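Chains as they are written, first to last, in our numbering: chain V, 1 to 416; chain B, 1001 to 1240.
One structure is given below, encoded as structure tokens.
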């Protein structure tokens, strides 16, 4: 990769300097600004940096950052792996990641759903992992049916890319099914409110509704779940050769992370890393950009959970300490959160009955109205500190959406 | 009310439910229950017939393709037409509002036939309207200032057989240059305030309950939904 044209080398160097300045100024990890400067000097920088490397793109509505981290960890036996570990998941972040690890022969890039076609076209990635699609930040995100259609066209135009896709999600399956080669992973789907209609013809989908079986087929047309190559069954995954592996060693909690781990195992198997080698590496991941981290303050152990949309809340509820464990919720509605809080009404909060619940964040009144309607008793607080001080010493779970989560991380120290 | 309870029919949540539309059924159920009125809610999927024995029919928002499918199926089914002829209450939001009219804009903006249950015509505008919307409601409905969040690219004009729901104070609303938001005629009411519009506007929920019952209902005490309405109005119009 030392054969970059002079202008590209300059772009990489200046981008790195800008990123370093940004870090020194305390403005985050600098990957966005660095990449932006690099791309301005050389618009084809991403293509050049991707050349001669084996790249994985990881995209979904939920679990992108975590799965990127799991795959990166499991690929370490292959050599150095470049990755955008901090969730800067647009081309500027990709440029930064690849530029800062010029010697890495492998790359694992988390990719915003909307940017998959562009990044695929520019990098010709070898493997694309697609996990789930559901309603998310509707005031600025693309409509998901439209999005899946764009994935179809992009994959059709990229026959060299192998796809690893979650076939339990009908929309992801439709989005992936134009690819020339696909490994189907039955990785589960718990949020189904965006999957009642056939993506192919609009007809009703008939679905199996058990934890063990997520089979589905359209009542009107031929579209149905492909036969899975990998099958996630509860705490176990069955590989294509029929061998079963326990996922008990995965340290990240909950069924959503077992699903992320299943995708990660299928991805690294594509590069020749077998599950028995990959699983111990997955277990080294204990928190991802502060998510699932437990911080100590005032004798309380505060566990931080990030949830950005209805499907994400369902998964956060899945990992809560059992009732009557206390829970604090914090909701903002700034740009990165989506300025619209309507989605709160798609979340079934009744599961929080029987616990002490604290409500904070800039849009706590929206949350209060929602909990009132769900008949969940709660206490309104100005910030998470008040909730932490109000519970007796012990554990408390905190669920927050994006900027609310960042506020809390800043307050308790940026643990990674 | 057809029997001893109010029957709420949520039309096609499999197609028209992307923005917390469920909040409207929850609010109607709750505000009826607080007055001792039982409700029953049917989540009607798009392969089912629209029953004519509902009291309140709800239509939510949706993407282009589901909107087109919903309009086709409702036209073919005819059940909602029968309900409207019988004077039942209909509350429709965003994509659901558009399909109540004579025509609406398809995936490429092409005009597609709607249900013709409300004298409005919708097409696709130049820019997407995204943000808070506030309006002063037609006096005869006796509903205070409404607040919501809009997210649409529709432009809707109101014909002689329907009236504007509200005059826009902030935001875009119908977007046809007349300065109106939403429309109504008889007991059919539509709005661009998407998703849980009845949560922020409890009086609108009460209006639908009143239409369903045919008798005045007692006011309710202060609630968090009421406080949310005040907070949102203050956030959008801090000077007033």
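Just so it is clear, CB atoms sit at the ideal spot from N, CA and C, and this is done for glycine as well.
Keep in mind that this is a model prediction, so the values were computed, not measured.
Beta-bridge pairing by DSSP links residue 1217 of chain B to no other residue.
At least 8 Å separates the beta-carbon of residue 1132 of chain B from that of residue 1199 of chain B. Just measuring C-alpha positions, the residue of V:315, V:351, V:320 and V:304 sitting nearest residue 330 of chain V is V:304.
Non-local C-beta neighbours of residue 1172 of chain B in its own chain, meaning closer than 6 Å and more than five positions away in sequence, comprise 1129, ordered along the chain. Taking the Cα positions, residue 1069 of chain B is about 21 Å away from residue 152 of chain V.
When beta bridges are read from the DSSP output, residue 1163 of chain B appears opposite B:1184. Put simply, the region 1047-1056 of chain B does not touch the region 1095-1102 of chain B. Fewer than three CB pairs are less than 8 Å apart.
Look at residue 209 of chain V here: in three-state DSSP terms it is coil, with no helix or strand label. Between the region 259-268 of chain V and the region 42-51 of chain V there are fewer than three C-beta pairs closer than 8 Å, too few to call the two in contact. Residue 229 of chain V has its alpha-carbon roughly 59 Å from the corresponding atom of residue 1161 of chain B. In the structure shown, residue 1040 of chain B falls within a strand segment according to DSSP collapsed to helix, strand and coil.
Approximately 6 Å separates the beta-carbon atoms of residue 368 of chain V and residue 359 of chain V; this is inside 8 Å, confirming the contact.
Residues of the region 81-112 of chain V with a Cβ closer than 8 Å to any Cβ of chain B: none. Across the set B:1014, B:1227, B:1205 and B:1191, the C-alpha of B:1014 shows the shortest separation from the C-alpha of residue 203 of chain V.
Shown here, residue 1111 of chain B sits in a strand according to DSSP, grouped into three states. Against chain V, the CB of residue 1018 of chain B has a partner CB under 8 Å away; the residue lies at that interface. Annotation for residue 259 of chain V: the continuous alpha helix (DSSP H) segment containing it runs 255-270. DSSP, read as helix, strand or coil, puts residue 1063 of chain B in coil. Distance from the CA atom of residue 106 of chain V to the CA atom of residue 254 of chain V, rounded to whole angstroms, is 29 Å. When the five nearest sequence neighbours on each side are left out, the beta carbons in the same chain lying within less than 6 Å of the beta carbon of residue 61 of chain V are those of 132, 133, 134 and 136, in order along the chain. For residue 202 of chain V, a Cβ of chain B is located within less than 8 Å of the residue's own Cβ. Flagged as an interface residue toward chain V: residue 1014 of chain B, by a C-beta distance shorter than 8 Å. DSSP places residue 184 of chain V inside the beta strand (DSSP E), whose first and last residues are 181-186. Chain V places a beta carbon closer than 8 Å to that of residue 1030 of chain B, counting this residue as a contact. Using a 10 angstroms sphere on the CB of residue 1164 of chain B, the tally of other CB atoms reaches 16 or more, which defines it as buried. By the C-beta criterion, the region 1005-1012 of chain B is judged to be in contact with the region 1028-1043 of chain B, since at least 3 inter-stretch pairs fall below 8 Å.
A straight-line Cα-Cα distance of about 13 Å links residue 1016 of chain B and residue 346 of chain V. For the set B:1151, B:1194, B:1134 and B:1219, the Cα lying nearest the Cα of residue 1231 of chain B is the one of B:1134.
The three-state reading of DSSP puts residue 6 of chain V in helix, counting H, G and I together. Within its own chain, the residues whose Cβ lies closer than 7 Å to the Cβ of residue 70 of chain V, once the five positions on either side in sequence are excluded, are 260, 261, 264, 282 and 285, listed in chain order. In this structure, the CA atom of residue 79 of chain V is about 25 Å from the CA atom of residue 8 of chain V. One finds 1020 and 1022 in chain B with Cβ atoms closer than 7 Å to the Cβ of residue 346 of chain V, taken in chain order.
Under the Cβ distance rule, residue 145 of chain V counts among the residues neighbouring chain B, one pair being separated by less than 8 Å. Bridge pairing for residue 379 of chain V: V:358 [DSSP]. Listed along the chain, the chain V residues whose CB falls inside 8 Å of the CB of residue 1225 of chain B are 369, 372 and 373.
By the rule that beta-carbons nearer than 8 Å mark a contact, residue 342 of chain V touches chain B.
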